[in-house]
Every structure is written in C-alpha cells, then in structure tokens.
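Colleague:
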Amino acid sequence: MRLSKFFLSTLREAPADADVVSQQLMMRAGMIKKLAAGIYTYMPMGLRSIRKIENIIREEMNAAGAVELLMPVIQPAELWQETGRWDEYGAELLRIKDRHGRDFIVQPTSEEVIADIARNEINSHKQLPVNFYHIQTKFRDERRPRFGVMRGREFTMKDAYSFDKDEAGALQSYQAMYQAYERIFTRMGLVFRAVRADTGNIGGKASHEFQVIADTGEDALAYCPTSDYAANVEMAEALALTSTRGQPNQAMSKSPTPGKAKCEDVAALLGIALQRTVKSIVLATEPLDKEGNVTGVQIWLLLIRGDHELNEIKAGKIDGLKAGFRFATEAEIVEHFGCPPGYLGPLGTKKPVYIVADRTVANMSDFVCGANETDFHLTGVNWGRDLPVPAQVADIRKVVAGDPSPDGKGVLAVQRGIEVGHVFAGLPYPESMKLMFANEAGQNQPMIMGCYGIGVTRLLGAAIEQNHDAKGIIWPDAIAPFSVVICPLGYDRNEGVKNAADNLYMELIGVGIDAVLDDRGERPGVMFADWELIGVPHRVTVGDRGLKDGNVEYQHRRDDKATVVPLTEIGALLRGKLVRA
RNA sequence: CGGGGUGUAGCGCAGCCCGGUAGCGCGCCUGGUUUGGGACCAGGAUGUCGUAGGUUCGAAUCCUAUCACCCCGACCA
Numbered sequence: 004m005r006l007s008k009f010f011l012s013t014l015r016e017a018p019a020d021a022d023v024v025s026q027q028l029m030m031r032a033g034m035i036k037k038l039a040a041g042i043y044t045y046m047p048m049g050l051r052s053i054r055k056i057e058n059i060i061r062e063e064m065n066a067a068g069a070v071e072l073l074m075p076v077i078q079p080a081e082l083w084q085e086t087g088r089w090d091e092y093g094a095e096l097l098r099i100k101d102r103h104g105r106d107f108i109v110q111p112t113s114e115e116v117i118a119d120i121a122r123n124e125i126n127s128h129k130q131l132p133v134n135f136y137h138i139q140t141k142f143r144d145e146r147r148p149r150f151g152v153m154r155g156r157e158f159t160m161k162d163a164y165s166f167d168k169d170e171a172g173a174l175q176s177y178q179a180m181y182q183a184y185e186r187i188f189t190r191m192g193l194v195f196r197a198v199r200a201d202t203g204n205i206g207g208k209a210s211h212e213f214q215v216i217a218d219t220g221e222d223a224l225a226y227c228p229t230s231d232y233a234a235n236v237e238m239a240e241a242l243a244l245t246s247t248r249g250q251p252n253q254a255m256s257k258s259p260t261p262g263k264a265k266c267e268d269v270a271a272l273l274g275i276a277l278q279r280t281v282k283s284i285v286l287a288t289e290p291l292d293k294e295g296n297v298t299g300v301q302i303w304l305l306l307i308r309g310d311h312e313l314n315e316i317k318a319g320k321i322d323g324l325k326a327g328f329r330f331a332t333e334a335e336i337v338e339h340f341g342c343p344p345g346y347l348g349p350l351g352t353k354k355p356v357y358i359v360a361d362r363t364v365a366n367m368s369d370f371v372c373g374a375n376e377t378d379f380h381l382t383g384v385n386w387g388r389d390l391p392v393p394a395q396v397a398d399i400r401k402v403v404a405g406d407p408s409p410d411g412k413g414v415l416a417v418q419r420g421i422e423v424g425h426v427f428a429g430l431p432y433p434e435s436m437k438l439m440f441a442n443e444a445g446q447n448q449p450m451i452m453g454c455y456g457i458g459v460t461r462l463l464g465a466a467i468e469q470n471h472d473a474k475g476i477i478w479p480d481a482i483a484p485f486s487v488v489i490c491p492l493g494y495d496r497n498e499g500v501k502n503a504a505d506n507l508y509m510e511l512i513g514v515g516i517d518a519v520l521d522d523r524g525e526r527p528g529v530m531f532a533d534w535e536l537i538g539v540p541h542r543v544t545v546g547d548r549g550l551k552d553g554n555v556e557y558q559h560r561r562d563d564k565a566t567v568v569p570l571t572e573i574g575a576l577l578r579g580k581l582v583r584a
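Numbered by this note's numbering, the letters in the first sequence go through residues 4 to 584 in order.
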C-alpha cells in the first residue's frame, strides 16, 4: 500500500473520553472512531487488523473441521421466546419492531438460530458431528459500556456451535476447539492462558475461558506457574492453610481495643500478626414459607481470617445461602450481637446466629476476634475449649497469591487477564429446542451441543493492552495493520531515495510482504512518530546517507536503535523475520 | 437504575463566578524558507458555544427542561 492511496489521520492528543490505553492509542492512531457509547467505526487502519484477526480465526476453525455460515443480525422474537431467553435476557437484549409491529431482536449471540437450523437440517446420525461457525456483528446493550472496544455494545464475535451424537463425540469436539483456540492465540502472538471457568448461566458442563494476560484486564486469574492449573480468582479453590488445628497455648482473655474496629487496627494495637485475627461478616437471609411469604430474618456469621476476603460466589453455594443473601443491616447486627459492627465475634452472641467458618479459620488456634462488646476484643480464643467447633466449615474466601495450588503442585500466582475466548460443552438447548436425530438403531435421540466464542474486536484491544509502550502500539506481526513500513527520507525531493524506496516497495509486495510505503515526503520525525504510534512492527528507513554506501536501516518497533543493512539484503532479512510461526 | 461531573472549531482546552455577540495550542489551507526525530516565517479557513424554552435592551455566561458523554456504585465489621 502506498500511503498516498490510503487514509491516515493520527492525533497528538487522545480524545478526553477514552478511558483505557488501548482505546486512546487506537483513536490516536486513527484505527477507530467513536460514534456513540460503546459503538465504534473501524477506520481503514483498524479494519486491516480486524481482517487479519478474522482470517487467522477462519483458517484455524476450518482446519479444525468447522464449517462457516452466516446468520442474521436481526432475529425474530419467536425463537427467543421458545428458549425463554426473550424474558430472561433482560435489558441487554436490544428489541426492535418491524413496520408490522412484529418483535425482533438484534442478536447478542446465535444459539437460537443455529439450534433452529440444526433441528430442521440434521435428521440422521450420518450428519453428525458437525460444527457451524460465523463471524458476525453482535449487540449487547451493556449497562455501562467502557474500556473502548473491549466492552462495546456493538462488537464482532466468532461464534461456533458443535452438534454431536454422544458425550464422547462432544468431548472430542470440545477438545478440537480448545486446541484450535490455542493455535489461534499463539499465531496472533499473544500471551494467554486457558482458565477453567464457571459455566455461568448458560449452564454447560465443561468450560474454559481464554484469557489474554494484561495488567489492565477486568478479570483476576489464579494460576500455578509450575502446573497447568488456572482458574478465575472467583472460582479458584482455597485450601486450608494449616492442615490441622493447633493446640491452645494461651488462656482466653478480653482486651480493651477502644475505637479499633478493623482487624488491621486491632492487630497493630495488640502487636500481633494480622493472620492471628478473625474477621466477622454478617449476612442475612429471608427464607420463604410454602406460600412464598417471608417468615423472618435469619442471621449468618461468616468467619474469615483477618487478612482474607470473602468470596461471595462461594458463600452463595452454602446450604441456606443458595437462595440469595444480603449483608445484615446495622440494626440487625445490634439486635443479634448486642454491639455494633467492629467488635463482633462468635462467642456470646445475644441471639443465636448461624456460624460458618472458613477452612483456614476452622484450624486456627489462639486467635483474636470481637468480644461482642463495644471497644473489646477476645484474645487466645480456641475452638473446642472456648466455644464449640464450628458446625459448618466451608471454602468461602478469595484465594490470594502465595496460596497452595488446589492441585497440590505448587503455589498460586494471581494476574489479570482479558477474556477473549470461551468454550462451553453440553448446552441445554437440545432439550428446550428438541434437537433430535435418528441414531443407528433408527431411534430418535437428542444431540449434544457445544458453543465456542471469540471476541474479535475485543482481541484488538486486548492485543494492545498487552503490547504497547509510551510511544504507541506494538503489534505482533500477525495482526499488525501492515507488517513493514518503508520510511524514505526526502521522498518528494531526492530522486535516488525515491527510486530506492519505490523499488524496495515493489520487491516486498512482489514476495507477498504486507508493506506500506510512506510516500508523503514528510519530515523524518513526523513519519517515525506516526508509525511508532500505529505500531507497525518492522521499519525500513531509506535515506540519502546510507544509500551512498548501498545501505538502508532496519528497526523493529521494540528495538532502541536501527541496524544498517545492505539494500540488496533487506528483502531477504524481512522475509526471514516474517516467516509464519 | 442511583450519585457526581462535563458538553465551546477535527483533537486538547480557556472564557461562565462578575451577561455586551468567542479565543488559545495542535491539526487543516496558501506562499516561502527548511529537511535524519513531531521545523520556521507570513497569510488564511473552520463554531447554529449539545438541544429547546425562559429572564434580559442584550445570553457561551443567569434560570428551567431535555439529550449526550465520562466517572463512581453493595459490603469487606
């Protein structure tokens, strides 16, 4: 591409409403423009990267045996009413009416349509397994769109749907997609991890998220560097930090701790480690009777070690809390404990409460907790001696870096990630949409469905979040808008430079290298700054100075300085660097 | 949805408190001088001041409504 025949507009300053670095850089580099909240135009420069991402996905999906089709953006409400998602999806589902007043939706995903296709088109086991995919525009009316293209309302997604005749086949389809995803993100040059995930409300069986590692990611991941264990922090299992309960060494006593309502303050006042304290968290549930009336309020006391944090998702899995819980009000706390928050503990509550101890707390000895009396804490508290051993012990805390890995093979580390792909097996649609086929015996049986998504436009942002510096974007080769930029110094006024640059450009294009020739005749500083902002990974500078000796300069976007290379060798050098991994 | 903030040229911002009909930097256009890291000089173009009402002789400025955009969002005892 000759730049004079392309379109480029860079900005020195990012628009004030850009909230994350990837969005700022893409806007400055002229790759995207915002049209409305969470809705972006992909400008020519940005679209080139999008197309490269799509092509890699397409090649690997095809190689994995998936078949491409294209389903509509606008879908009739009837299909969504059939699965119940018309009612369940909520405000994120954009609903529209046509001129006849019929209800339609703008698709946030395509399970309904593909299931409709599957039940109409697939009748025989001979047609299975099959995996359909498309790369299509989606719309989810996010409550609060942000993070640029990473959480837009309109976005592009690759979604694939597999249909199998039995569990074994479904597992194979799942693994084929898992491996395809590994190849896709590897080819894109991204650092990522496959993370075991909660199946969430789609309700499947096996599920992994593919997370691009970046400090600015929305999700925290817990993983074990010495094994393949990786899980969302919300999901990661926290083991008890001590396997058995220690023997009591101290007598229990009440210490004045005036004004010290936080574990940190109490530990500091008493001169003990924060790990010796126990934090009390009070929840309330409102159970219903058979008629659905609230029968009263039940109060729960959850005990967590002072330096740990409650994991509400885990708490929600405790019997009695499954139906939903809330944090107790201050009035409820005073009523049940006899004192306000800050001095609460499991001993001597005013009214009975349900006590749940975290696994680690259950094994603590000589610990410190609130005395249920304003301005007092208890020290040297021991289970079994001072109070009954906890009736309920559960994993209710968030894991932290340094915890033992649940697989017993090391220590957990925590990093942030951006979810760019998700694979699910065993979706419920075969039942609700009657996806039946005739098996070898001629009997009808339900198919097994899996679904597999990749956020195409989100990948664009995630790649930048992972790969940028103070000057701009640093694209991995495979998804850069251009692989190589030729920067001639004095293109408009130096015949020798112009000829050399033109010839080099033709040579690179001739061998299939995606090169751009900056033929604007701009000053070097302007050219360099623009291309460093855009993040083209390889740059060749053609100048009078080097040309006298038959040389040009090569510089990778990550290099601090250029290397002199004979003009006759630069083509081969670039070809060597751009060999596909 | 609740709370807060901001809307002035393509981008970044000032002007608003204290009303007098809009300005700065970058970018853009023309000419000239420059030319290996965002050049310089001279000249120039671009705004229904988010929108709609109101107050006033007069509104970017004050008032009301409305829209858009941005930020924050339980608790962590």
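Beta carbons are placed, not taken as given, at the ideal position from N, Cα and C, and that holds for glycine.
1. Which ranges would you report for the alpha helix (DSSP H) in the stretch 79 to 140 if only whole runs of at least 4 residues count?
2. Enumerate in chain order the residues of its own chain whose CB-to-CB distance from Asn252 is below 7 Å, with the five nearest sequence positions on each side excluded.
3. Answer yes or no: do Ala163 and Ala66 have a C-beta to C-beta separation smaller than 8 Å?
4. Which of the three DSSP states, helix, strand or coil, is assigned to Tyr432?
5. Which complete alpha helix (DSSP H) runs does the stretch 213 to 285 hold, if anything under 4 residues is left out?
6. Using 10 angstroms around the beta-carbon of Gly347, count the other beta-carbons present and answer buried if the total reaches 16, otherwise exposed.
7. What distance in whole Å lies between the Cβ atoms of Cys342 and Thr382, which are believed to be in contact at a cut-off of 8 Å?
8. For Pro47, which residues in the same chain have their Cβ closer than 7 Å to its Cβ, ignoring the five residues on either side in sequence?
9. Judging by CA-CA distance, which residue of Gly424, Gly515, Leu550 and Val215 is the nearest neighbour of Ala575?
10. Check whether the stretch 486 to 500 touches the stretch 145 to 164, counting contact only when three or more Cβ pairs, one atom from each stretch, lie closer than 8 Å.
11. Considering only residues of the same chain and omitting the five flanking positions on each side of Ala287, which have a CB-CB separation below 8 Å?
12. If you draw a straight line from the C-alpha of Val417 to the C-alpha of Leu224, how long is it?
13. Is the stretch 157 to 171 close to the stretch 444 to 452, with three or more CB pairs under 8 Å?
14. Thinking Cys227 and Asp398 are a contact (beta carbons under 8 Å), I'd like their distance in whole angstroms, please.
15. Looking at the structure shown, is Trp303 part of a helix, part of a strand, or coil, going by DSSP?
16. Could you work out which residue in Glu312, Gly249, Ala254 and Ser113 is closest to Met74 when comparing CA atoms only?
17. For Trp534, does the three-state DSSP call read helix, strand or coil?
18. For Gly249 versus Leu277, is the C-beta distance shorter than 8 Å?
19. Going by beta carbon distance, what residues of the same chain come within less than 7 Å of Pro569, once the five residues before and after it are set aside?
20. Around the C-beta of Val281, are 16 or more other C-beta atoms found within 10 angstroms, so that it is buried, or is it exposed?
21. Per DSSP, what kind of secondary structure is Arg54 in: helix, strand or coil?
22. According to DSSP, is Ala518 part of a helix, a strand, or is it coil?
23. Determine which residues share a DSSP beta bridge with His541 and list them.
24. For Pro259, count neighbouring Cβ atoms within 10 angstroms of its own Cβ and tell me buried if that reaches 16, exposed if not.
25. Using the rule of at least 16 other Cβ atoms within 10 Å of the residue's Cβ for burial, across every protein chain shown, is His103 buried or exposed?
26. When burial is assigned at 16 or more other CB atoms within 10 Å of the CB, is Pro491 buried or exposed?
27. Would you grab the beta carbon distance between Val364 and Leu273 for me? Rounded to a whole angstrom, and I think it's under 8 Å.
28. Taking the beta strand (DSSP E) that Phe370 belongs to, which residues open and close that run?
29. Could you spell out where the beta strand (DSSP E) holding Ile457 opens and where it closes?
30. Count the other CB atoms, across all protein chains shown, that sit within 10 Å of the CB of Pro391; report buried if there are 16 or more and exposed otherwise.
31. Have a look at Arg388, Ile275 and Glu237 and flag the residue whose alpha-carbon is nearest the alpha-carbon of Gly319.
32. Give the straight-line distance between the Cα atoms of Arg5 and Met509, rounded to the nearest whole angstrom.
33. Using only the alpha-carbon positions, how far apart do Ala270 and Lys263 sit?
34. Assuming Lys161 is part of the beta strand (DSSP E), what are its boundary residues?
35. Give the list of continuous beta strand (DSSP E) stretches no shorter than 3 residues that lie fully inside the stretch 298 to 351.
36. Taking C-alpha atoms, which residue in Tyr357, Leu324 and Leu463 lies nearest to Met30?
Modeller: Taking the structure as given:
1. 80 to 86, 88 to 91 and 114 to 124
2. Asp369
3. no
4. helix
5. Listed in chain order, the alpha helix (DSSP H) runs fully inside the stretch 213 to 285 are 266 to 273, counting runs of at least 4 residues.
6. Checking the sequence, you will find Leu at residue 347 rather than Gly. Label assigned to Leu347: buried.
7. That pair is no contact at about 17 Å.
8. Phe9 and Phe10
9. For the residues Gly424, Gly515, Leu550 and Val215, the minimum Cα distance to Ala575 belongs to Gly515.
10. no
11. Val300, Gln301, Ile302, Trp303, Phe328, Arg329, Phe330, Ala331, Thr332 and Glu335
12. Rounded to whole angstroms, Val417 to Leu224 spans 5 Å at the Cα level.
13. yes
14. With 8 Å as the limit, Cys227 and Asp398 do not qualify as a contact, their Cβ atoms being about 17 Å apart.
15. If DSSP states are grouped into helix, strand and coil, Trp303 belongs with the strands.
16. Ser113
17. Here Trp534 sits in helix by DSSP.
18. Taking the C-beta atoms as reference points, Leu277 is found no nearer than 8 Å to Gly249.
19. Gly553 and Asn554
20. buried
21. helix
22. strand
23. Val487 and His559
24. exposed
25. exposed
26. By the 16-neighbour rule on beta-carbons within 10 angstroms, Pro491 is buried.
27. About 18 Å separates the two Cβ atoms, so there is no contact after all.
28. Phe370 to Glu376
29. Ile451 to Gly458
30. exposed
31. Glu237
32. One C-alpha to the other measures close to 10 Å.
33. Near 9 Å, if we compare the C-alpha coordinates of Lys263 and Ala270.
34. Glu157 to Asp167
35. Correct list: 301 to 308.
36. Leu463
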